[in-house]
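Position in the sequence shown (from 1) plus 62 gives the number in the numbering used here. C-beta: ideal position from N, C-alpha, C; glycine also. A short write-up of the structure that comes next.
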Amino acid sequence: MKKQGSEIEAVGISYNIKIHQSRDLDCPLKIFSTKNHPEPDQKVPKLEEEEPSTPGVRRVLKNVNCRAKPWEILAIVGPSGAGKSSLLEILAGKVRPQNGSVFVNRKPVDKASFKKVSGYVTQKDTLFPLLTVEETLMFSAKLRLRIPQCQLRSRVEALIGELGLTHVAGARVGDDRVRGISGGERRRVSIGVDVIHDPEVLILDEPTSGLDSTSALQIIDMLKTMAEIRGRTIILSIHQPGFRIVKLFNSILLLANGSVLHHGTVDHLALNLKLMGLELPLHVNIVEFAIDSIEAIHQQESLQHELIDNGSGDCTKSSKCTLQQLFQQSKVIDHEETVTKSLHSPLNFANSRLRETIILTHRFSKNIFRTKELFACRTIQMLVSGLVLGSIFYDLKDDLTGAEERVGLFAFILTFLLSCTTEALPIFLQEREILMKETSCGSYRVSSYAIANVLWCLIS
Numbered sequence: 063m064k065k066q067g068s069e070i071e072a073v074g075i076s077y078n079i080k081i082h083q084s085r086d087l088d089c090p091l092k093i094f095s096t097k098n099h100p101e102p103d104q105k106v107p108k109l110e111e112e113e114p115s116t117p118g119v120r121r122v123l124k125n126v127n128c129r130a131k132p133w134e135i136l137a138i139v140g141p142s143g144a145g146k147s148s149l150l151e152i153l154a155g156k157v158r159p160q161n162g163s164v165f166v167n168r169k170p171v172d173k174a175s176f177k178k179v180s181g182y183v184t185q186k187d188t189l190f191p192l193l194t195v196e197e198t199l200m201f202s203a204k205l206r207l208r209i210p211q212c213q214l215r216s217r218v219e220a221l222i223g224e225l226g227l228t229h230v231a232g233a234r235v236g237d238d239r240v241r242g243i244s245g246g247e248r249r250r251v252s253i254g255v256d257v258i259h260d261p262e263v264l265i266l267d268e269p270t271s272g273l274d275s276t277s278a279l280q281i282i283d284m285l286k287t288m289a290e291i292r293g294r295t296i297i298l299s300i301h302q303p304g305f306r307i308v309k310l311f312n313s314i315l316l317l318a319n320g321s322v323l324h325h326g327t328v329d330h331l332a333l334n335l336k337l338m339g340l341e342l343p344l345h346v347n348i349v350e351f352a353i354d355s356i357e358a359i360h361q362q363e364s365l366q367h368e369l370i371d372n373g374s375g376d377c378t379k380s381s382k383c384t385l386q387q388l389f390q391q392s393k394v395i396d397h398e399e400t401v402t403k404s405l406h407s408p409l410n411f412a413n414s415r416l417r418e419t420i421i422l423t424h425r426f427s428k429n430i431f432r433t434k435e436l437f438a439c440r441t442i443q444m445l446v447s448g449l450v451l452g453s454i455f456y457d458l459k460d461d462l463t464g465a466e467e468r469v470g471l472f473a474f475i476l477t478f479l480l481s482c483t484t485e486a487l488p489i490f491l492q493e494r495e496i497l498m499k500e501t502s503c504g505s506y507r508v509s510s511y512a513i514a515n516v517l518w519c520l521i522s
């Protein structure tokens, strides 16, 4: 018997951002219009740019409706600047929209409770390069799961097998400066960190970015398996999906300039393009063809708006429909449904503050010991400072002068302790993105991180 899963539904999502007012600003997001008709002696432009209605505000998303079902993959596609990442951040609860709501199983859900049933994988791999694959997943499991140690290890081993990382479980993750696993394997580790708590919803921002076609196909195929076997609702954005990747998507959400041009299956997209008079060439990817044809789609919409102004804009057999009209007629989202119940529960951490501090201190120690430059610098500094201070303040007398000299010794020791913290600044800057990501998803408290950092500095 299949479990229910979580159905994600977004209704009327609108999102604006503030921009600096400049006429010469080259904006990737443009709003096209043909309301201002040119004079007869002027050349007719192909597309005319319209300023946003509110000065200094850019409309990123405009009345976006979408639905993602369990056991399926919803792919959000579109050109650069279409609003894909902004929509994902809103669905993940990272950003609050100006208008609209997000529902889980037709119930409004707040950010705190949604963290328990969801995982959000960013476009950039925010991982510790000096930890191994197994250690990375184990620390994530310790911070996010409240189960015994033996079950933690079993869970991590099972996940490593599910991710296809058994052969590199003991290898370091690595990054641009530290040699480690490949980019595709590193992306799998990032996904594993966010599915360690077995979420019902998984949201990914361009998981195939920077990967070759084979690695990208392996990532999407793995996500497809997760959706079909575990009943997860998977929502991802992708820029240029290959032909084999498109076949793995259950539904497509095509965005352009913040508006939905299509929401449905790939076959339905091909049918809508055909109804618009756009014939798909042989051996051409339907999604890439739709993205490349967006300019033609806008031209069709501009002509259709003129027909509407003349009172003949209905979508009939004698007139070609725009993608937006066809999408609205499909009634993917029923706006008349009323939702009264809500999912609301406080954010509960898996561990106590003491337990979090112990786990984070352990992770600090592994990173510091494996950072050879920092560890060697601290060791040499302590040895040299100890020898210098020991030589200067050797054989102090037990009188008033000796007491004053001991006060000076304590001042020097405190100075050396404070100077040690500056060497850890590059490490903290590197960990800042990881800290923000882990605390935003409720892995641990910020105070636990600060306490663990201070404790390790004192110990070292």
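Beta-bridge partners of residue i, as assigned by DSSP
i	result
SER299	ILE138, ASP267
LYS80	VAL119
ALA318	SER321
CYS128	ALA72
GLY326	ILE314
ARG234	THR194
Distance between residue j and residue i (C-alpha atoms, nearest Å)
i	j	result
PHE478	ARG507	29 Å
LYS186	LEU273	12 Å
VAL183	ASN515	26 Å
LEU340	LEU192	51 Å
THR441	GLN492	22 Å
ILE81	SER321	19 Å
ILE421	VAL349	45 Å
LEU298	GLY74	20 Å
LEU471	LEU451	7 Å
LYS434	SER509	27 Å
GLY162	ARG120	17 Å
ARG206	ALA332	43 Å
ASP283	VAL122	31 Å
GLY145	ILE79	11 Å
ARG306	SER142	22 Å
ARG294	LEU285	9 Å
ARG217	LYS124	42 Å
SER502	CYS212	27 Å
LYS382	ILE209	At LYS382 the pLDDT is 47, less than 50, meaning the model places this residue with poor confidence and gives no usable figure here.
GLU262	LYS169	15 Å
GLN160	ASN127	14 Å
PHE351	LEU342	7 Å
ARG177	THR188	Here residue 177 is Lys; the residue named in the question, Arg, does not match the sequence. Distance between the alpha carbons of LYS177 and THR188: 18 Å.
LYS131	THR270	22 Å
GLY236	GLU466	51 Å
HIS259	GLY304	30 Å
Residue i classed as buried or exposed, judged by whether at least 16 other C-beta atoms fall within 10 angstroms
i	result
ASN413	buried
LEU445	exposed
ASN410	exposed
VAL171	buried
VAL251	buried
LEU449	exposed
ILE291	exposed
ASP238	exposed
VAL240	exposed
SER68	buried
ALA72	buried
VAL469	exposed
GLN196	Before going further, note that residue 196 is Glu rather than Gln in the sequence given. By the 10 Å Cβ count, GLU196 comes out buried.
THR463	exposed
LEU527	An answer regarding residue 527 cannot be provided, because it is not within the stretch 63 to 522 covered by the chain.
VAL328	buried
ILE454	exposed
PHE311	buried
LEU476	exposed
MET338	buried
ASN98	Below a pLDDT of 50, predicted positions are generally treated as unreliable, and ASN98, at 42, falls in that range; the measurement from the model is reported next regardless. Flag for ASN98 reads exposed.
GLY232	exposed
PHE431	exposed
Any C-beta of chain C under 8 Å from that of residue i
i	result
MET288	In summary, chain C is missing from the structure at hand, where a single protein chain is found.
Entirely enclosed beta strand (DSSP E) segments - the stretch 144–222, minimum 3 residues:
161–166, 180–183
Under 8 Å: do the stretch 444–461 and the stretch 142–156 share three or more Cβ pairs, one atom per stretch?
no
For the 8 Å Cβ check, are there 3 or more pairs between the stretch 212–225 and the stretch 262–281?
no
Taking contact to mean at least 3 C-beta pairs separated by less than 8 Å, is the stretch 166–181 in contact with the stretch 243–263?
yes
Every unbroken alpha helix (DSSP H) within the stretch 412–474, with a cutoff of 4 residues, ordered by chain:
415–432, 434–454
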